[in-house]
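For what it's worth, our numbering labels the leading residue of the sequence shown as 9, then goes sequentially.
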Amino acid sequence: MCCDKAFRRGRPKALYGFLSRNEEFACESKDVSIRENLAANLRRLCKDHASVSAVCRELGINRTQFERYLQGQTVPNKATAKLICDYFEGARQ
C-alpha cells in the first residue's frame, strides 16, 4: 500500500485512508507518484457512476479541474480532497 508522508501531511487523512486502505486501488508501488496514484484511484471510483460529468455535477467541481485530477496533472487542495473523499465514501455505503 502507498504510504507517502508528504501526501498525508498535505491532504486530509480521510482521503489518504480511503484511497490507500482499499487493496484494489493502485497503491502497490512506491515508485508511483502521488498524482498518478490519486488519478488511478479516482478513475476507478468514477467507473461506478453514470459519468465523470455526473460526478462533477454532484460534487460541484468544475469538470476541467476534475479532469486535471484524473490525468494526474494536479492534486486537489485540502477542502476539495475532503469533498471528494466524503462523496465517494458515501457512495460506497
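For each residue, glycine too, the CB sits at the ideal point set by N, CA and C. These numbers were taken from a predicted model, which means no experiment stands behind them.
Check your understanding: Near Glu44, what residues of its chain come up, given a Cβ to Cβ distance below 7 Å and the 5 sequence neighbours on each side ignored?
Key -> For the purposes of this step, residue 44 is identified with residue 36 of the sequence shown, where counting begins at 1. Within the same chain, Glu44 has close Cβ partners Gly80.
Review point. In the segment 40-82, which residue ranges form an unbroken alpha helix (DSSP H) of at least 4 residues, counting only runs that do not cross its ends?
Key: 42-54, 60-67 and 71-78
**Study point:** 6 Å CB neighbourhood of Gln73 in its chain, flanking five on each side removed
**Key:** For the purposes of this step, residue 73 is taken as the residue at position 65 of the sequence shown. For Gln73, where only same-chain residues beyond five positions count, there are no Cβ hits under 6 Å.
Review point. Count the other CB atoms within 10 Å of the CB of Asn49; is the residue buried (16 or more) or exposed (fewer)?
Key: Position 41 of the sequence shown, counted from the start, is the residue given in the question as residue 49. Counting Cβ neighbours within 10 Å, Asn49 comes out buried, since at least 16 surround it.
**Study point:** Cβ neighbours of Thr82 in the same chain (closer than 6 Å, five flanking residues each side left out)
**Key:** Numbered from its first residue, the sequence shown carries residue 82 at position 74. Closer than 6 Å at the Cβ level, and outside the excluded window around Thr82, lie Arg76.
Check your understanding: So, are the CB atoms of Leu91 and Arg51 less than 8 Å apart?
Key -> For the purposes of this step, residue 91 is identified with residue 83 of the sequence shown, where counting begins at 1. For the purposes of this step, residue 51 is identified with residue 43 of the sequence shown, where counting begins at 1. Result no, Cβ atoms of Leu91 and Arg51 do not sit closer than 8 Å.
Check your understanding: For Leu46 versus Phe96, is the C-beta distance shorter than 8 Å?
Key -> Counting from one through the sequence shown, the residue named residue 46 turns up at place 38. Counting from one through the sequence shown, the residue named residue 96 turns up at place 88. No, the Cβ-Cβ distance between Leu46 and Phe96 is not below 8 Å.
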